[in-house]
Amino acid sequence: MNKLELTEKLVAKTGLTKKEAEDIVEVTLKLIAEALLKGENVKLTDFGTFECKDRKERQGTNPKTGELIKIPAKKAVSFKLAKKLKEKLNA
3 MNKLELTEKL
13 VAKTGLTKKE
23 AEDIVEVTLK
33 LIAEALLKGE
43 NVKLTDFGTF
53 ECKDRKERQG
63 TNPKTGELIK
73 IPAKKAVSFK
83 LAKKLKEKLN
93 A
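For the sequence shown, position 17 matches number 19 in the numbering used here, and the numbering has no gaps at all.
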């Protein structure tokens, strides 16, 4: 599902106008992104948690040349599905 499909489903389920639904989706995603950029985790009860993690610098290999390379440290976002949703998914 993409942003447009999410907006359309929100309109269908709530009776909001398309513009109102677009605004809600846009603001929600913006707030999640802002929190992650600050290094904060975003926990959505019964859905899951977006976690901002630090990846350490590590050694890697260039697949074309076989040369050892240094992969720099970076931040990454992971998502952990909520237990209830995971159970429903695997039921």
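Cβ atoms here follow ideal geometry from the backbone N, Cα and C, with glycine treated the same way.
Residue i (DSSP reduced to helix, strand or coil)
i, result
"Glu-36", "helix"
"Leu-83", "strand"
"Lys-66", "coil"
"Ala-75", "coil"
"Leu-6", "helix"
Buried or exposed (CB count within 10 angstroms, at least 16 for buried), residue i
i, result
"Ala-75", "exposed"
Close Cβ partners of residue i (< 8 Å) along its chain, the five nearest in sequence each way excluded
i, result
"Pro-79", "Reading the sequence as shown, one finds Val at residue 79 and not Pro. Around Val-79: Leu-38, Phe-52, Glu-53, Cys-54 and Lys-55."
"Glu-42", "Cys-54"
Beta-carbon proximity list for residue i, same chain, < 6 Å, skipping 5 on both sides
i, result
"Thr-9", "Ala-23, Glu-24 and Val-27"
"Val-29", "none"
Contacting residues, own chain, Cβ-Cβ under 7 Å from residue i (five flanking each side not counted)
i, result
"Leu-70", "Gln-61 and Thr-63"
* Inter-stretch contact at 8 Å, needing at least 3 Cβ pairs: the region 49 to 57 / the region 75 to 89 -> Yes, the region 49 to 57 is in contact with the region 75 to 89.
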